[in-house]
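Protein sequences, first through last, are from chains A and B.
With the numbering used here applied, the first sequence corresponds to residues 1 to 106, in that order.
With the numbering used here applied, the second sequence corresponds to residues 1 to 332, in that order.
All remarks here apply to the structure that follows.
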Amino acid sequence: MPDHSNDPSLSDREAQLAAREAALAAREAELEAREAEAARAAQSGPAEKQGLLNNGDPGFKNSKEKIYDHFPLSVHQMDILIAVLVALIAIFVFLGVNHISFFGLF
Amino acid sequence: MEATKKSTGRLIKTWLGNNAIIVLMVLVSLIVGIIHPNFFGAANIINLLKNVSIRYIIALGISGCLITTGNDLSAGRLAGFAACLACIFAQTSGAAGKFYPNLPTLPTPVVFILVVAICAVVGLCNGLVVSYLRVQPFIATLGMQQVVYGICLVYTGGTPIGSLNSDFTSLASNTIIGIPVLIWIAVIVAVCFWFLYNKTRHGKYMYAIGGNEAAAEVAGVNVAATKIRIYILASCMFGLAGCLLAAKSGGASVNTAMSYELDAIAACTIGGVSTTGGVGTVPGILVGVLVFELMKVALQFMNVNSSYTYIVQGLVIILAVAIDIRKYLAKK
Chain A
1 MPDHSNDPSL
11 SDREAQLAAR
21 EAALAAREAE
31 LEAREAEAAR
41 AAQSGPAEKQ
51 GLLNNGDPGF
61 KNSKEKIYDH
71 FPLSVHQMDI
81 LIAVLVALIA
91 IFVFLGVNHI
101 SFFGLF
Chain B
1 MEATKKSTGR
11 LIKTWLGNNA
21 IIVLMVLVSL
31 IVGIIHPNFF
41 GAANIINLLK
51 NVSIRYIIAL
61 GISGCLITTG
71 NDLSAGRLAG
81 FAACLACIFA
91 QTSGAAGKFY
101 PNLPTLPTPV
111 VFILVVAICA
121 VVGLCNGLVV
131 SYLRVQPFIA
141 TLGMQQVVYG
151 ICLVYTGGTP
161 IGSLNSDFTS
171 LASNTIIGIP
181 VLIWIAVIVA
191 VCFWFLYNKT
201 RHGKYMYAIG
211 GNEAAAEVAG
221 VNVAATKIRI
231 YILASCMFGL
241 AGCLLAAKSG
251 GASVNTAMSY
261 ELDAIAACTI
271 GGVSTTGGVG
281 TVPGILVGVL
291 VFELMKVALQ
301 FMNVNSSYTY
311 IVQGLVIILA
321 VAIDIRKYLA
331 KK
């Protein structure tokens with residue numbers, strides 16, 4: 001049987017095949033990474049609607065959020081403030097229902 | 001199991017945080033409904049929805065101005081002027097004290113078109129002053145508010161206008177498949193606005209101008225033309241609301257729709273429209289208007305002294321903003 005192992009066309013073909021397999025493995029790894037990223041993005045919440053100025057920038061902040069960034073209170077302090085506001089609303093509704101004067105002021 | 005319970009608890013907490021104002025209003029409505037069972041009566045609900053429809057149309061008009069960091073304080077006076085005009089054009093023939101004795105009874109669509117066209121001219125003035133003269137929208141529309149009030153006072157002589165033809169007033173009483181026509185009109189306007197804000201170039205330009213006007217201009221948006229369109233559209237909505245108000249009330253006077261602009265701005269704020277611009281949705285505005293009107297009706301049902309009603313309304317607005325800030329801080 002003739003020996004083809006030293007045939008240059010065969011070794012070339014083997015090299016090509018190895019290169020193709022390496023490229024395929026690289027592509028599969030890239031696809032897996034993209035799928036993992038998409039899954040992470042889906043879990044983090046609905047995607048921001050892309051506007052004219054967003055440019056798909058995940059760190060984009062609108063003017064309201066820029067103002068809120070400088071807000072001096074923490075979440076816990078906001079909870080206390082909200083509770084105080086709700087209590088005030090309840091007090092004034094109670095005073096209004098019972099037509100009670102507010103310490104003689106009104 | 002523990003992890004599932006914790007995640008469910010977190011989801012509920014997040015949902016409650018994001019919809020705190022709605023939950024609060026539903027609770028208040030339930031409490032009032034239990035104390036006064038006729039709160040949930042059909043007549044009361046329909047009357048509430050009719051009021052909401054008119055104020056919602058005004059709020060939709062103002063929302064465009066707010067989203068572009070502007071304002072339109074002429075909303076209330078313009079709606080009142082529109083109501084007076086609608087009454088003048090819709091007076092029945094041969095009525096005592098008819099404004100124009102020789103004017104025949106105009107068909108209702110013609111009345112609407114005339115009034116909305118006149119209001120559009122006012123909106124054009126607002127838009128030109130804000131976009132070309134670069135006057136602050138707050139000042140420009142505050143001035144226009146006074147001008148419109150003065151024109152209405154001079155034109156009507158300060159006298160209330162009534163004796164409307166039945167075709168016109170039937171708008172407020174007619175129903176289509178059991179739902180009042182007023183509500184249908186508000187729904188159609190809302191759908192049109194949703195489409196305009198979300199699916200058209202004009203909507204994109206509006207949010208871009210609100211987000212960053214200079215960047216929008218550099219990006220190729222014709223800022224002046226867009227703002228003029230916004231103010232014209234807003235005034236058309238005030239005109240439409242004025243006509244519907246006249247039909248509902250059966251008459252109008254100089255003080256019709258007084259201060260409606262402040263209620264509309266408050267409702268927009270509660271509904272998530274930011275006065276710093278770039279933020280706001282049509283369903284959010286509906287929520288804001290519903291919350292505001294529901295609160296007013298609930299307070300009336302509880303026989304709360306009217307003086308205290310204003311304090312409670314103001315506190316609710318501050319509470320809505322506080323909840324919005326808290327939501328953002330928690331997300332950070």
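Every residue gets a Cβ at the ideal spot worked out from N, C-alpha and C, and that includes glycine.
- Backbone CA spacing between B/A246 and B/N47 [nearest angstrom]: 15 Å
- Residue environment, B/A346, which counts as buried when at least 16 other CB atoms sit within 10 Å: For chain B, the structure presents residues 1 to 332; residue 346 of chain B sits outside this window and is missing.
- Task: Given a cut-off of 8 Å, decide if B/G251 and B/G162 are closer than it, judged by their beta-carbon atoms.
- Result: yes
- Query: Can you tell me the Cα-Cα spacing of B/K327 and B/N18, whole angstroms?
  - Reply: 7 Å
- Message: Here's a check: name, in chain order, each residue in its chain whose Cβ is nearer than 7 Å to the Cβ of B/V389, leaving out the five neighbours to either side.
- Response: Since the first and last residues shown for chain B are 1 and 332, residue 389 of chain B lies out of range.
- Report, in whole angstroms, the separation of the C-beta atoms of B/A186 and B/K248, which I expect to be a contact under 8 Å. Cβ atoms of B/A186 and B/K248 stay farther apart than 8 Å, at about 12 Å.
- Near-chain B residues of the segment 75–91 of chain A (beta-carbon distance less than 8 Å), N- to C-terminal order: Here the close residues are V75, M78, D79, L81, I82, L85, V86, L88 and I89.
- Proximal chain A residues relative to B/R326, where beta-carbon distance stays under 8 Å: V75, M78, D79 and I82
- Task: Select from the segment 189–212 of chain B all residues with a C-beta closer than 8 Å to any C-beta belonging to chain A, and list them in chain order.
- Result: Answer set for the segment 189–212 of chain B: K204, Y205, Y207, A208, G210, G211 and N212.
- Message: Tell me which residues share the same chain as B/A75 and place their Cβ nearer than 7 Å to its Cβ, disregarding the 5 neighbours each side in the sequence.
- Response: I58, G61, I62, F238, Y260, E261 and A264
- Query: Do you know how far the Cα of B/L133 is from the Cα of B/R10?
  - Reply: 51 Å
- Query: Run through DSSP, which three-state label would B/T175 get?
  - Reply: strand
- Message: Quick check: what's the CA-CA separation for B/S253 versus B/C119?
- Response: 17 Å
- Item | Where B/M302 meets chain A, residues with beta-carbon distance less than 8 Å | Ordered by position in chain A, the residues that pass the 8 Å Cβ test against B/M302 are V93, G96 and V97.
- Within the 8 Å Cβ cut-off, does A/E37 reach chain B? Interface annotation, A/E37: not in contact with chain B, CB-CB separation never under 8 Å.
- Message: Please classify B/S235 as buried or exposed, where buried requires at least 16 neighbouring CB atoms within 10 angstroms.
- Response: buried
- Query: Just curious, the alpha helix (DSSP H) that A/Q77 is in, first and last residue?
  - Reply: First-last of the alpha helix (DSSP H) with A/Q77: V75 to N98.
- Output the boundary residues of the alpha helix (DSSP H) element that contains B/V122. T108 to S131
- Extent of the continuous alpha helix (DSSP H) to which B/S235 belongs: V223 to S249
- With a 10 Å radius around its C-beta and 16 neighbouring C-beta atoms as the bar for buried, classify B/G158 as buried or exposed. exposed
- Item | Beta carbon of B/N44 nearer than 8 Å to that of B/T141 | no
- Task: Using only alpha-carbon positions, find the residue among B/V304, B/A320 and B/V321 that is nearest to A/A99.
- Result: Per the sequence shown, residue 99 of chain A should be read as His rather than Ala. For the residues B/V304, B/A320 and B/V321, the minimum Cα distance to A/H99 belongs to B/V304.
- Query: Is there a Cβ from chain B that is less than 8 Å from the Cβ of A/S11?
  - Reply: no
- Give the single residue among B/S29, B/T68, B/A20 and B/V28 whose Cα lies nearest to the Cα of B/S274. Nearest to B/S274 by C-alpha distance, out of B/S29, B/T68, B/A20 and B/V28, is B/T68.
- Message: Cβ closer than 7 Å: which chain A residues qualify as neighbours of B/S274?
- Response: Simply K64.
- Start-to-end residues for the alpha helix (DSSP H) that takes in B/P137: P137 to T156
- Message: I'd like to know whether the C-beta atoms of B/F138 and B/A90 end up nearer to each other than 8 Å.
- Response: The Cβ atoms of B/F138 and B/A90 lie no closer than 8 Å to each other.
- How would you call A/S11, buried or exposed, if buried means at least 16 neighbouring beta carbons within 10 angstroms? Residue burial annotation: A/S11 is exposed, with fewer than 16 other C-beta atoms found within 10 angstroms of its C-beta.
- Counting pairs of Cβ atoms below 8 Å between the segment 302–322 of chain B and the segment 83–90 of chain A, do you hit three or more? yes
- If you check the beta carbons only, do B/C268 and B/G277 fall under 8 Å apart? no
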